[in-house]
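Chemist:
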Amino acid sequence: MELDSLYQEVILDHYKHPLNKELKSQFTAQVHHVNPSCGDEITLNVTIENQIVTSVSWDGVGCSISQASTSIASDLMIGKNLDQALVIVESFSDLMSSKGTKTGDEEILEDGVALAGVSKFPARIKCALLGWMAFKDAAIQSSKN
Amino acid sequence: MELDSLYQEVILDHYKHPLNKELKSQFTAQVHHVNPSCGDEITLNVTIENQIVTSVSWDGVGCSISQASTSIASDLMIGKNLDQALVIVESFSDLMSSKGTKTGDEEILEDGVALAGVSKFPARIKCALLGWMAFKDAAIQSSKN
Amino acid sequence: MKPMFSPAEIRKDFPIFSKVMRGDNRLVYLDSGATSQKPFQVLDAERKFYETSNAAVHRGAHLLAEEASIAYEGARQVLAYFLNAELDEVIFTKSATESINALAYSFGNSDANSRFSLKPGDRIVVSELEHHANLIPWQQLAKRTGAELAWFSIGSDGRLDQSEIDSLINEKTKIVAITHQSNVLGTIVPLEKIVKHAHSVGAVVVLDACQSAPHFAIDVKTLGVDFLAFSGHKALGPTGIGILWGRSEYLNQMEPFLTGGSMIETATMTEAKWAQSPKRFEAGVPNMAQAIGFAAAINYLNNLGMENVAKHEKDLTAYALDKFKDLDKVKLIGPKDNVDRGSVISFTIEGIHPHDVGQVLDQYGVAVRTGHHCAWPLMRKLGLGGTTRASFYVYNDEADVDVLIHSILKAQKYFKV
Amino acid sequence: MKPMFSPAEIRKDFPIFSKVMRGDNRLVYLDSGATSQKPFQVLDAERKFYETSNAAVHRGAHLLAEEASIAYEGARQVLAYFLNAELDEVIFTKSATESINALAYSFGNSDANSRFSLKPGDRIVVSELEHHANLIPWQQLAKRTGAELAWFSIGSDGRLDQSEIDSLINEKTKIVAITHQSNVLGTIVPLEKIVKHAHSVGAVVVLDACQSAPHFAIDVKTLGVDFLAFSGHKALGPTGIGILWGRSEYLNQMEPFLTGGSMIETATMTEAKWAQSPKRFEAGVPNMAQAIGFAAAINYLNNLGMENVAKHEKDLTAYALDKFKDLDKVKLIGPKDNVDRGSVISFTIEGIHPHDVGQVLDQYGVAVRTGHHCAWPLMRKLGLGGTTRASFYVYNDEADVDVLIHSILKAQKYFKV
Ligand SMILES: Cc1ncc(COP(=O)(O)O)c(C=O)c1O
Ligand SMILES: Cc1ncc(COP(=O)(O)O)c(C=O)c1O
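Chains as they are written, first to last, in this note's numbering: chain A, 43 to 187; chain B, 43 to 187; chain C, 3 to 419; chain D, 3 to 419.
1) To the nearest angstrom, report how far apart lysine 412 (chain D) and isoleucine 245 (chain C) are at their CA atoms.
2) Rounded to a whole number of angstroms, what is the C-alpha to C-alpha distance between serine 184 (chain D) and serine 139 (chain A)?
3) Given serine 108 (chain C), which residues of its chain have a CB within under 6 angstroms of its CB, disregarding the five upstream and five downstream residues?
4) The alpha helix (DSSP H) spanning glutamate 149 (chain B) covers which residue range?
5) Mind listing the chain D neighbours of histidine 60 (chain C)? Cutoff is C-beta to C-beta under 9 angstroms, in chain order.
6) From the DSSP output, in three-state form, read off valine 127 (chain C) for me.
7) Less than 8 angstroms separating the beta-carbons of leucine 170 (chain D) and leucine 143 (chain D)?
8) Taking the continuous beta strand (DSSP E) assigned at arginine 481 (chain D), which residues delimit it?
9) Would you grab the beta carbon distance between phenylalanine 51 (chain C) and isoleucine 294 (chain C) for me? Rounded to a whole angstrom, and I think it's under 8 angstroms.
10) Within its chain, find whatever has a CB closer than 7 angstroms to the CB of alanine 156 (chain A); leave out the 5 residues flanking it on each side and keep chain order.
11) My understanding is that alanine 181 (chain B) touches alanine 127 (chain B), with C-beta atoms under 8 angstroms, so please give their C-beta distance in whole angstroms.
12) Would you say arginine 24 (chain C) lies against chain A (beta-carbon separation less than 8 angstroms)?
13) What do you reckon, is the C-beta of aspartate 15 (chain D) under 7 angstroms from a heavy atom of ligand 4?
14) So the candidates are C:Lys383, C:Gly204 and C:Trp247; which of them puts its Cα closest to the Cα of threonine 270 (chain D)?
15) Less than 8 angstroms between the C-beta atoms of alanine 274 (chain D) and glutamine 141 (chain C), yes or no?
16) Counting only beta-carbon separations shorter than 8 angstroms, does valine 76 (chain A) have a partner in chain D?
17) From the DSSP secondary-structure annotation, give me the bridge partner or partners of threonine 95 (chain D).
18) Roughly how many whole angstroms lie between the Cα atoms of histidine 2 (chain D) and histidine 134 (chain D)?
19) Taking 8 angstroms as the threshold (beta carbon to beta carbon), is valine 362 (chain C) in contact with chain A?
20) Which runs of the beta strand (DSSP E), 3 residues or longer, sit entirely within the segment 60–105 of chain A?
21) Could you work out which residues of chain C lie near serine 113 (chain B), taking near to mean beta carbons separated by less than 8 angstroms?
22) Does the beta-carbon distance from alanine 98 (chain C) to alanine 231 (chain C) come in below 8 angstroms?
23) Going along chain C, which residues have a C-beta under 8 angstroms from glutamate 44 (chain A)?
24) Does the CB of glycine 385 (chain D) have a neighbour CB from chain B at under 8 angstroms?
25) Between the C-alpha atoms of glutamate 68 (chain C) and cysteine 105 (chain B), what's the straight-line distance to the nearest angstrom?
26) Lysine 144 (chain B) to serine 185 (chain B), Cα distance in whole Å?
27) Taking only runs that begin and end inside the segment 231–303 of chain D, name each unbroken alpha helix (DSSP H) of 4 or more residues, in chain order.
28) Any idea what DSSP makes of aspartate 117 (chain A), helix, strand or coil?
29) Could you give the first and the last residue of the continuous beta strand (DSSP E) run that contains valine 178 (chain D)?
30) Give the residues from the segment 72–100 of chain B that approach chain C closer than 8 angstroms (Cβ to any Cβ), ordered along the chain.
31) May I ask which residues mark the beginning and end of the beta strand (DSSP E) holding arginine 28 (chain D)?
32) Is glutamate 400 (chain C) helix, strand or coil by DSSP?
33) For serine 348 (chain C), name the three-state secondary structure that DSSP assigns.
34) Can at least three beta-carbon pairs, one atom from the segment 6–20 of chain C and one from the segment 310–327 of chain C, be found at a separation below 8 angstroms?
35) List, in chain order, every chain A residue whose beta-carbon is nearer than 9 angstroms to that of serine 71 (chain D).
36) Output needed for proline 216 (chain C): all residues of its chain with C-beta closer than 6 angstroms, excluding positions within five of it in sequence on either side, in chain order.
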C-alpha cells in the first residue's frame, strides 16, 4: 500500500516516542514556527557553543510526520558542528523536493531517510520540513546572538 | 439589409437637420445626461407652465440614433400637457424594450415609430432613450420647482 | 415539490467521478465545504460562451458584444431570482472573500458624514464561528477606523451564545457580520433575533452565506439581512466567481471598492462620478464566462429543487450522525443533534492527528478536509489543533458515508489506536 | 527564432471563427484590445482541470487537492517564466483592474512609517494616456491620503510629452503609474527615462501592461519597473484572471489588500500576521481553473513565439496604416508612423459618429470598439467625443484589414458623407 511508503515503522516509532520533546530552559536561541495551512506549531530551543550544537529541544503539536521528523532532526543535530548541521538540513530539504526520485543518504540523514516517501506527497512536505526549518532558523539566530 | 431597419430615412433626416437643437436661455428646468458607455452627452432645457410643455430645446453630441431620437422627442413634447407628455415617454420606452416585436403607435409617437427597429439592437437602446429620459427628468424637476 | 433526485444519477453529470483514486478506489468526495465539483452543464455553458459570444460586455456595438451582454445580464437575473433579490442588487465578484472585503473597504471609503462610515467608539460585531474571510476584513476595518471589534461567543455544543445580545449589539454597533452556517461545525445560526436587534440600533447585517446558499433556499427578503455573500465554486459553479448582494438603497449610497472602467458615470483626471449599482461595483471587464457558468450551476440546483437539496443533505447527515455514534474514540465536534445544522461533520480521533486521518482516508479514495478550516480562532476556542471534516452535497449518498466510516476504522487500525 | 505562423492556421484553433455574423458574413474580429478570443487549448485546459483535479488548493491532504495545487502552482511558474520574474512575485488576481486597485489599497493600508505610505505633500504621477483602470484607483488613493495627483501630458501626435519630467517626477513623488501601451492610440511609452528618473527620487514605477504583455515580449528585469499588471482575457486566456507582479522585497513588506483564508500566518479574533508573498495577496479559494487556462494561453503564445507575435502585428499595422492613407475624410487618431506603436488603430470619420460607424461595420461582420475606450480624460484632451478602434491580434491578417477598409467605404456611402 502506498501509505506504507509514507508511514514507515521508524516514523511511527518516533511519533509515539519522540526524542528531545521537552523544552530545555537553557538555550542560545528559541524559535516558534507554524504551518499556517494546517495549524501545526512548534517551539524549538537550541544551544550552540563554540560552533557545536550541544542541545536541541522542542515542543509542539502536529501530525505524525511533523512530530517524527522533528524528533529525528533533533537527534541528528545534537553533537554536530554548525556547518555540518546545516549541510544535513540541506540534504534533507533536497530529499524532500525529490518527488520520490531519491532515497536519501543514510550516512548523513540516518533515520531521516525513512521520510523519503514523504516527497511523493506534496501536501506533507511542509509537515516533514517544519522541525528542520525551525532548527535552521534557530541555528542562524544563535550564531547572530 | 438589417441596417435599414435601424437607420430609417426619417432618422437620417432628423440626424442631419435636428429640431430644437439650440438651447433656449429661458427654462423652468435644465438637465445634463450622459451615456457613460459611449460618452454621449446631452443638455436639455424645458419650460413647463400651467402643466403645459411650452418649450424644449437641447444641445449635445451623440450618434445618429441619439440625435434623431432627441430631435423627434423634443418636437413631440412641445405643446403637450405634462401628463400626456409622460404617457408618450412611457409608450416610447415600452417600444424600445420590445425586442423588435412592436411597431409603435403612430398616433402617439409620430416620427418616433421610425425608431422601432432600434429595439432589435440592445446596445443602441440607450442611445435612443437618452433624450427621452433627459426630457422626463427635466419635466419632473420642473414640476418640483 | 419536485420529485427527489438520486445521487447516483447526479454523479453521471459530474465527469470527475470517473476518476480512479489512490489504491484504485472510486472518488468519495466529502470536501464540498471547501469546493464543490462541477456538472458538465456548467462546463458546457462556460465553453459555449467562449465559443460563440465572447466579447467585452457593455462596451461594443457589435453582435458579439450584444450577445455577451445579454448572456452576462441573464446570469445576473438567474442569481437575483435565486436569492429573491432585485436585479441591480446582485454584484458579481470573484469570490465571497472579495465580496466581504469589498463591503469592508466600501465602509472604509465612506465620507465621515455618511451612515456607512466608522469612527472610534463605533462597533463591529462578529462571532467566534467565523471563517477568516468574515473575520479578518472586519478586524482590519476596525483597525483602520478605530472602531471596536466585539463578538458572539459559542458554547461547547458549537452553538452561538445569544444571551449577551443586548450588551453586544448596542447603539454603538454599526455592522453585524455573521456566518449563516459554520464551515467547521455545521452550526446554522438563527438570524431572526440578531437581525431584529441590529436593525433596532440602526446597524446593518452582513451575512456570510458561503455554506448556506448552496445547500438550502435563501430568500433575502425573508431573512431581512442587508448584505450577503457567497461563492460560486461551492455551489457547483466555476472558480473565480462570487456574489455580493446588498439592498439597492444602500448600494447606491455607498462608495465603490474597485475603481476603473465601466463603473463611472463621468471621469476627468481629478474627479470621478460613480455609476449606479451594480455597475458601480463591477470595475473592469468582468468575469463573464464564470458568471454564466455560475448561472448554469444555479439552474442545475433549481432543477433539483433547493428543498430537495436540503432534505437530501439533512437525511444524509442524520444517517452519518447515527453511524458516528457507534465509533470508538471518535469525537464529534459541534452540534450532535440534527437541528439547525448543515451537512458538515467535524471530528477528531483519539491518538491520530487530523492530517494523518486525512491521509489514510485518501488512500481509500475519501477526500476530506483537515486542519483549522480557516477558522483558527474557533479552533483555539474549542481547544483543538484541528479536526477532520466531512461535508456532503447532492452527489453524496449513504454508501459514501459507509466508506468514510470504514476508512476511519482502517485509520485506527493503521495507527494502532 | 521560431518560423512565422499563419493567421489562417491559427484561426482553426479558435472555435468562434466558425460563427456566422450579421449579413451572413464571417467574423472579422478587430476588438482584441477589449478582449481576445480563446483557442480550444485554453478551453480544454480549464475543462481538464475541472474534470480531473478540481479541489481547493493548499488546503487538503487528499489527491485532488494535491493535483490542484500542483496545477495551480505550475500555472504560476508559466507566468513567472513569461515575465522573467521570480515565482513568489507573481500574484493571481481577477483582472488588471483588481491588480492595480490591490496595489493602491496596499499603499493606502501602510503604516505611517512604511516606505509605501502616502501623506499630504506626496505625489503620484500618471499620464493623460491612462485607461480608467490605471487612473481612478490612483486618483482615489490621492483623495484618501491627501497626496497630489500629477500627470504627463500628451502631444497632438499622441506621444507622451517627457519634457517636464524633471519637475513632474520630483522628490515628493512616491509612485509613477503609467501605461506601457495606450489602448486607444497604440502609443508605446518609452520607459527607460521614466524608470531611471523615478528610481533616482525613490519612487516606484507601476506599469499597466494590459496592452503590451499580450503583444510583445516583456522582461521585468530589463524593464526595471517595480510593479506590473495585466489581464488574462486580453492574452488569449479566460476571463476572471489577471496578474499582479511586484518585486518580492517590496511585496513582503507591503500590507495585503484582500484578507481572509490562506493569506495569514496566524490569526486570532483581534490580530493577524500575514503570510509571505504570493499567499499574502491571494485570499480565499483562488480562481484556479482560470489560472490554469491563463497558463495554457501563455503556452500557446510561447509556441508562436512572442517575437513572431510582435512582428506579425507590426507588419499588419504597417499594412493598415498604409491603407488608411488612401481613405478620404477618415482621420487617424494617434501616431501615424509605425514606430513605438502597437497594433491599435483609432480613427474618426467625418460626419459619422463612431457608434454609427461600428454599427455599419457590424453589418459586415467586423467587430470594432467605439466610444471613449475607458479613457475619457484622453478623449477630452484630444477634443473628441469618441473614436472607432480596430485592434489586431495573432488571428488577424491582411484580408481582415481589407474588409475593414471596404466596410468603412460602405459606411461613408450609407451615411452619404
Ligand atoms: C490599458 C488598459 N489598462 C487596463 C485595462 C483594464 O483591464 P481589465 O478590464 O481586464 O481589468 C484595460 C482594458 O480594459 C486596458 O486596455
Ligand atoms: C463560511 C465561509 N466563509 C467564507 C469562505 C470564503 O469563500 P471563498 O474562499 O470562496 O472566498 C468560506 C470558504 O472558504 C467559508 O466556508
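C-beta atoms are modelled at their ideal positions from N, C-alpha and C, and glycine is treated no differently. Since the model is a prediction, treat every value here as computed from it, not as a measurement.
Modeler: Judging by the given coordinates:
1) Annotation: lysine 412 (chain D) to isoleucine 245 (chain C) spans about 44 angstroms, alpha carbon to alpha carbon.
2) Going by C-alpha positions, serine 184 (chain D) is about 44 angstroms away from serine 139 (chain A).
3) Hits under 6 angstroms: Met256, Glu257 and Phe259.
4) That run of the alpha helix (DSSP H) goes 148–151.
5) At a C-beta separation below 9 angstroms, histidine 60 (chain C) has no neighbours in chain D, since its nearest C-beta there lies roughly 10 angstroms away.
6) In the structure shown, valine 127 (chain C) sits in a strand (DSSP, three-state: E or B).
7) No, they are not a contact pair.
8) Coverage of chain D is limited to positions 3 through 419, which leaves residue 481 (chain D) absent and any answer about it impossible.
9) Confirmed, about 5 angstroms.
10) Excluding residues within five positions, the ones whose Cβ falls inside 7 angstroms are Gln50, Val52 and Ile53.
11) So it is a contact: roughly 6 angstroms between Cβ atoms.
12) In terms of beta-carbon proximity, arginine 24 (chain C) lines the interface with chain A, with at least one pair separated by less than 8 angstroms.
13) Absence of ligand 4 is noted for the structure shown, with ligand 1 and ligand 2 being the only ligands found.
14) The residue with the shortest Cα to Cα distance from threonine 270 (chain D) is C:Lys383.
15) Cβ distance < 8 angstroms, so alanine 274 (chain D) and glutamine 141 (chain C) count as in contact.
16) At a cut-off of 8 angstroms between beta carbons, valine 76 (chain A) contacts chain D.
17) Paired residues: D:Gly244.
18) This structure gives no information on residue 2 (chain D), because the portion of chain D shown stretches from 3 to 419.
19) Nearest CB-CB separation between valine 362 (chain C) and chain A: below the 8 angstroms threshold.
20) Counting only runs of 3 or more residues that sit fully inside the segment 60–105 of chain A, the beta strand (DSSP E) segments are 71–77, 82–91 and 94–103, in chain order.
21) Neighbours of serine 113 (chain B) on chain C: none; closest Cβ ~21 angstroms, over 8 angstroms.
22) With respect to the 8 angstroms criterion, alanine 98 (chain C) and alanine 231 (chain C) are classified as neighbours on the basis of their beta carbons.
23) Within 8 angstroms Cβ-Cβ: Arg24, Gly25 and Gln365.
24) False, the Cβ-Cβ gap to chain B never drops below 8 angstroms.
25) Distance between the alpha carbons of glutamate 68 (chain C) and cysteine 105 (chain B): 18 angstroms.
26) Answer to the nearest angstrom: the Cα atoms are 31 angstroms apart.
27) If we require 4 residues or more, the alpha helix (DSSP H) runs fully inside the segment 231–303 of chain D come out as 250–253.
28) Helix at aspartate 117 (chain A).
29) Start and end: 175–181.
30) Result list: Val76, Pro78 and Ser79.
31) No beta strand (DSSP E) contains arginine 28 (chain D), which DSSP labels as neither H nor E.
32) Three-state result, glutamate 400 (chain C): helix.
33) Looking at serine 348 (chain C) - three-state DSSP - the assignment turns out to be strand.
34) These segments touch.
35) Ordered by position in chain A, the residues that pass the 9 angstroms Cβ test against serine 71 (chain D) are Pro164 and Ala165.
36) Short of 6 angstroms from the beta carbon of proline 216 (chain C), and not among the five residues preceding or following it, lie these beta carbons of its own chain, in chain order: Lys236 and Ala237.
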